[in-house]
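Written below as structure tokens is the structure these notes are about.
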Amino acid sequence: MIKYTPAFLKKLEDILTESAYTVRYERGNFQSGWCLLERKSVVVLNKFLDTEGRINTLADIIPQLAVNFDKLTHESQILYEFLLQEAGAANTGNTAETQLNLNNMSNLSVTKKDWGTINDQQVSIYELNNGTVKVFVSNYGGTIQSIEAPDKNGRIHNIVAGYHTAEEYRDDNDYYLGALVGRYANRIADGKFTIAGESYTLPVNNGPNSLHGGIDGFHRKVWEVTGQQETATEASVTMEYTSKDGEEGYPGNLQVQVTYALSVENKLKIQYRATTDKATPVSLTNHSYFNLNGFEDVVTGHELKINAESYTKKNENNVPAGELEFLDKDHPLYFGEFTKLEKNIDQFAEDRGFDHNYVLTMQPFQQLLEAAELRDPQSGRYLKVYTDQPGLQIYTANWFDGSRKGTHSKPYGKYDAIALETQAFPNSPNVPAFPNSILQPGEEYSSTTVYEIGVE
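In the numbering used here, the protein residues as written are 1 to 456.
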């Protein structure tokens with residue numbers, strides 16, 4: 001991470017001022033870093049700081065200047081070269097990562113491939129490619145089928161669990177590999193909730209509870225692809241689905257839109273939006289299972305850090321009832337600093353591993369929190385997870401039993417992967433003390449999750 005010292009910021013501002021630019025700071029809809037745009041004589045610097053007061057990356061400022069370098073003024077070209085030099089210095093003289101991002105800009109693409117039919121509906125798979133990372137996402141279940149990324153030695157592996165065909169996803173209603181789950185992610189106790197005095201009953205599919213939207217949830221729907229786009233900085237595909245009033249017991253017609261966007265910085269952004277005509281619970285997430293060594297070994301050797309000080313304690317039916325438990329360094333669920341999964345994974349006999357919701361430590365007015373970082377010393381890969389949601393469920397494939405074989409040419413077994421699910425709290429519709437998860441007519445549900453993939 002580049003640390004922007006006061007001296008660096010002063011030098012940057014001096015260069016801009018000497019180049020007859022007016023410097024103005026403002027906030028905008030940018031996730032992190034800086035975005036520099038030429039507007040006649042005004043340079044706009046959108047600045048977002050992380051919790052330690054550092055600006056995260058140069059990734060947003062350098063590409064803006066690099067896109068049309070030849071068209072920039074001489075002063076802007078000097079600024080660009082200065083920033084590139086600073087990026088190299090901050091990376092111990094190695095500009096490979098920065099240059100890689102710049103090279104990615106010319107390689108962004110979206111490619112569609114037919115993937116058969118489900119229930120007489122056309123199913124396709126879309127390849128998002130930035131020249132370094134490839135993400136394959138299908139309109140069946142909004143499913144991320146594959147993420148191909150290099151390790152520290154440049155070897156390419158698929159780092160998520162998946163199947164070869166749409167039919168295999170259709171026939172699996174247990175694992176939710178890579179699926180978009182909804183209308184409500186995670187568990188609702190006894191498959192029941194009440195809104196404004198009216199009670200609703202959902203199909204139960206996980207002991208006494210309703211899990212991940214029910215038996216025929218969003219993961220089993222064919223979504224309509226409404227757009228695909230290639231810009232200077234990202235490749236994306238957008239899908240929509242309308243969940244009818246009463247579907248899986250939920251009230252209201254819910255119109256849902258999701259966009260998957262792969263950026264030049266190797267960030268996969270998933271943006272969800274939804275509206276309803278009747279009050280209804282909504283919590284959408286992606287259920288990808290990650291293995292950063294490409295499934296060459298189990299994930300117990302992975303190291304995990306989570307930005308959370310407590311978790312939602314579960315009752316005998318495996319759902320939270322409202323109690324939060326503080327996580328000190330001796331707690332087996334503590335991941336306040338990098339800890340190998342194997343350290344405490346065997347301390348949860350009933351769950352057979354980790355299957356817990358963490359209460360993320362959000363700052364006031366913070367748009368996206370770095371919720372967690374997963375890293376694999378073996379491959380050098382890391383995965384950072386950013387979200388605006390209050391909870392993060394970690395699940396270490398505890399019930400994978402080797403009965404299903406996927407894209408990695410071997411059966412998926414226990415601890416072969418880990419899911420990092422950004423979400424509302426489980427059972428939130430039944431716990432008034434939890435953050436609100438009821439969407440009202442006239443409101444818009446909006447949620448963003450970013451997976452940043454890299455090597456170190």
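Note that the Cβ used here is the ideal one computed from N, Cα and C, for glycine as well.
Review point. Alpha carbon to alpha carbon, what distance is there between residue 313 and residue 321?
Key: Indexing the sequence shown from 1 puts residue 321 at position 321. Indexing the sequence shown from 1 puts residue 313 at position 313. Distance between the alpha carbons of residue 321 and residue 313 is about 8 angstroms.
Exercise for review: Closer than 8 angstroms by C-beta to residue 217: which residues in its own chain qualify, once you throw out the five before and the five after it? Chain order, please.
Suggested key: As a position in the sequence shown, residue 217 is number 217, starting the count at 1. Excluding positions up to five away in sequence, the list reads 181, 182, 183 and 248.
Check your understanding: If you follow the beta strand (DSSP E) that residue 404 is part of, which residue opens it and which one closes it?
Key -> For this step, residue 404 is matched to residue 404 along the sequence shown. Here the beta strand (DSSP E) through residue 404 covers 401-405.
Practice item. Grab the span of the alpha helix (DSSP H) containing residue 167 for me, first residue to last. Key: Mapped onto the sequence shown, residue 167 falls at position 167. Unbroken alpha helix (DSSP H) run through residue 167: 166-171.
Review point. In this structure, does DSSP put residue 394 in helix, strand or coil?
Key: As a working note, residue 394 is residue 394 in the sequence shown. Strand.
Check your understanding: How about residue 255 and residue 238: do their beta carbons lie closer than 7 angstroms?
Key -> Against the sequence shown, residue 255 aligns to sequence position 255. Against the sequence shown, residue 238 aligns to sequence position 238. For residue 255 and residue 238, no; Cβs fall outside 7 angstroms.
**Study point:** Inter-residue spacing [alpha-carbon to alpha-carbon] between residue 437 and residue 250
**Key:** Translated into positions along the sequence shown, residue 437 becomes position 437. Translated into positions along the sequence shown, residue 250 becomes position 250. Roughly 13 angstroms separates the two Cα atoms.
Exercise for review: Name the two residues that bound the continuous beta strand (DSSP E) containing residue 452.
Suggested key: On the sequence shown, residue 452 is found 452 positions in, with the first residue counted as 1. Its beta strand (DSSP E) spans residues 445-455.
Point to revise | Same chain only: Cβ atoms within 7 angstroms of residue 117, ignoring 5 sequence neighbours per side | key: To locate residue 117, count along the sequence shown from 1; it is residue 117. Within the same chain, residue 117 has close Cβ partners 123.
Exercise for review: For the segment 346-359 and the segment 323-333, state whether three or more C-beta atom pairs, one from each stretch, are separated by less than 8 angstroms.
Suggested key: The segment 346-359 is in contact with the segment 323-333.
Practice item. In angstroms with no decimal places, state the Cα-to-Cα distance between residue 353 and residue 396. Key: One-based indexing of the sequence shown puts residue 353 at position 353. One-based indexing of the sequence shown puts residue 396 at position 396. Cα-Cα distance, rounded: 6 angstroms.
Review point. Under a three-way DSSP split, which group does residue 258 fall into?
Key: One-based indexing of the sequence shown puts residue 258 at position 258. Strand.
Check your understanding: Buried or exposed: residue 119, going by 16 or more other Cβ atoms within 10 Å of its Cβ?
Key -> Here the question's residue 119 lines up with position 119 in the sequence shown. With fewer than 16 other Cβ atoms within 10 Å, it is exposed.
Check your understanding: Does DSSP put residue 345 in a helix, in a strand, or in coil?
Key -> In the sequence shown, residue 345 corresponds to position 345, counting from 1. Note: residue 345 maps to helix in three-state DSSP.
Check your understanding: Roughly how many angstroms separate the alpha carbons of residue 179 and residue 198, rounded to a whole number?
Key -> Position 179 of the sequence shown, counted from the start, is the residue given in the question as residue 179. Position 198 of the sequence shown, counted from the start, is the residue given in the question as residue 198. Taking the straight line joining both Cα atoms gives about 30 angstroms.
Practice item. Check residue 326 in the structure and name its three-state DSSP category. Key: Counting from 1 along the sequence shown, the entry for residue 326 is found at position 326. Of the three classes helix, strand and coil, the one that applies to residue 326 here is strand, per DSSP.
**Study point:** residue 236 versus 269, 252 and 405, residue with shortest Cα-Cα distance
**Key:** Residue 236 sits at position 236 when you count from the first residue of the sequence shown. Selected option, being the one with the closest Cα: 269.
Practice item. May I ask you to list the residues that DSSP assigns as paired with residue 114? Key: Within the sequence shown, the letter at position 114 stands for residue 114. Beta-bridge pairing links residue 114 to 124.
Practice item. Just the C-alpha distance for residue 163 and residue 410, rounded to the nearest angstrom, thanks. Key: Translated into the one-based positions of the sequence shown, residue 163 becomes position 163. Translated into the one-based positions of the sequence shown, residue 410 becomes position 410. Their Cα atoms are separated by approximately 11 angstroms.
Practice item. Could you check how far apart the C-beta atoms of residue 132 and residue 293 are, in whole angstroms? I think they sit under 8 angstroms. Key: Here residue 132 is taken as the residue at index 132 of the sequence shown, counted from 1. Here residue 293 is taken as the residue at index 293 of the sequence shown, counted from 1. At roughly 18 angstroms, the Cβ-Cβ gap does not stay under 8 angstroms, so residue 132 and residue 293 are not in contact.
Check your understanding: Using DSSP with H/G/I as helix, E/B as strand and the rest coil, what is residue 248?
Key -> Numbered from its first residue, the sequence shown carries residue 248 at position 248. Correct three-state label for residue 248: helix.
Review point. If you follow the beta strand (DSSP E) that residue 535 is part of, which residue opens it and which one closes it?
Key: Given a span of 1 to 456 for the chain in the structure shown, any question on residue 535 remains unanswerable.
Check your understanding: When DSSP labels each residue in this structure, what does residue 273 get in the three-state scheme?
Key -> Working through the sequence shown from its first residue, we reach residue 273 at position 273. Residue 273 falls in the strand class under three-state DSSP.
Review point. Of the choices 189, 448 and 222, whose alpha-carbon is the least far from that of residue 389?
Key: One-based indexing of the sequence shown puts residue 389 at position 389. Of the candidates 189, 448 and 222, 448 places its Cα closest to the Cα of residue 389.
Check your understanding: Where are the alpha helix (DSSP H) runs, 4 residues long or more, that stay fully inside the segment 195-248, in chain order?
Key -> none
Check your understanding: I think residue 400 touches residue 416, with their Cβ atoms under 8 angstroms apart; what is that distance to the nearest whole Å?
Key -> Taking the sequence shown and counting its residues from 1, one reaches residue 400 at position 400. Taking the sequence shown and counting its residues from 1, one reaches residue 416 at position 416. Confirmed, about 6 angstroms.
**Study point:** Among 155, 135 and 166, the one whose alpha carbon lies nearest that of residue 141
**Key:** As a working note, residue 141 is residue 141 in the sequence shown. Ranked by Cα distance from residue 141, the first of 155, 135 and 166 is 166.
Review point. What number of angstroms, rounded off, separates the C-alpha of residue 206 from the C-alpha of residue 173?
Key: Here residue 206 is taken as the residue at index 206 of the sequence shown, counted from 1. Here residue 173 is taken as the residue at index 173 of the sequence shown, counted from 1. Each residue's alpha carbon lies about 11 angstroms from the other.
**Study point:** Buried versus exposed call for residue 194 [16 or more other C-beta atoms within 10 Å across all chains shown]
**Key:** By 1-based counting over the sequence shown, the position of residue 194 is 194. Exposed, since its Cβ has fewer than 16 Cβ neighbours within 10 Å.
**Study point:** C-alpha gap between residue 245 and residue 281, whole angstroms
**Key:** Indexing the sequence shown from 1 puts residue 245 at position 245. Indexing the sequence shown from 1 puts residue 281 at position 281. If you take the alpha carbons of residue 245 and residue 281, they lie about 12 angstroms apart.
**Study point:** Span separating the alpha-carbon of residue 291 from that of residue 298
**Key:** Numbered from its first residue, the sequence shown carries residue 291 at position 291. Numbered from its first residue, the sequence shown carries residue 298 at position 298. Looking at the two C-alpha atoms, the distance is approximately 7 angstroms.
**Study point:** Residue span of the beta strand (DSSP E) that contains residue 355, given as start and end
**Key:** Along the sequence shown, read from residue 1 onward, the residue named residue 355 stands at position 355. First-last of the beta strand (DSSP E) with residue 355: 355-360.
Review point. Out of curiosity, what's the CA-to-CA distance linking residue 340 and residue 316?
Key: Here residue 340 corresponds to residue number 340 of the sequence shown, with the count starting at 1. Here residue 316 corresponds to residue number 316 of the sequence shown, with the count starting at 1. Taking the straight line from one Cα to the other gives about 27 angstroms.
Exercise for review: Over the uninterrupted beta strand (DSSP E) stretch that includes residue 306, give me the two end residues.
Suggested key: As a working mapping, residue 306 is identified with position 306 in the sequence shown. From DSSP, the beta strand (DSSP E) with residue 306 extends over 303-306.
Point to revise | Separation of residue 273 from residue 428, as counted between CA atoms | key: The residue labelled residue 428 in the question sits at position 428 within the sequence shown. The residue labelled residue 273 in the question sits at position 273 within the sequence shown. Cα to Cα, residue 428 sits roughly 19 angstroms from residue 273.
Check your understanding: Grouping DSSP H, G and I as helix and E and B as strand, with all else coil, what is residue 143?
Key -> In the sequence shown, residue 143 corresponds to position 143, counting from 1. DSSP places residue 143 in coil when its eight states are reduced to three.
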